[in-house]
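Under this note's numbering, think of the first position of the sequence shown as 3, with each following residue one higher.
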Amino acid sequence: MARMMADCRRWPSDSDCSLTIIGEEDEVVRAAAEHAASVHGHEDTPELREQIREFLEPAEAYTNAQREHEPMPG
Ligand SMILES: [Zn+2]
Numbered sequence: 003m004a005r006m007m008a009d010c011r012r013w014p015s016d017s018d019c020s021l022t023i024i025g026e027e028d029e030v031v032r033a034a035a036e037h038a039a040s041v042h043g044h045e046d047t048p049e050l051r052e053q054i055r056e057f058l059e060p061a062e063a064y065t066n067a068q069r070e071h072e073p074m075p076g
């Protein structure tokens, strides 16, 4: 299974979060949902996990350089 990435640096956040989570898709979705709930005050719902899944990027896209923020969808 290909490794995927959820990159908090992609989105604007109060804490300017720098966390990047990389692993297999299910691992990343779970860790990112728990992170979104514990750090960013989101509710860990099936809808949130679905949205996280849609925004995953291939792990190969990882770069340690700073990223431009994208507008938060929805
Ligand atoms: Zn974060």
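We put the beta carbon where it would ideally sit given N, CA and C, even for glycine.
Just so you know, these numbers come straight off a predicted model, no measurement behind them.
Residues near residue i in its chain [Cβ-Cβ closer than 6 Å; skip 5 each side]
i	result
residue 2	Since the first and last residues shown for the chain are 3 and 76, residue 2 lies out of range.
residue 12	69, 72
residue 3	26
Residues sharing a beta bridge with residue i, DSSP
i	result
residue 54	In DSSP, residue 54 forms no bridge with anything.
residue 25	6
residue 45	Bridge partners of residue 45: none, in fact.
Buried or exposed by the 16-neighbour rule on C-beta atoms within 10 Å, applied to residue i
i	result
residue 35	buried
residue 63	exposed
residue 38	buried
residue 7	buried
residue 22	buried
Own chain, CB closer than 8 Å to residue i, minus 5 neighbours either side, in chain order
i	result
residue 52	none
Integer Cβ distance of residue i from residue j, believed to fall under 8 Å
i	j	result
residue 31	residue 55	5 Å
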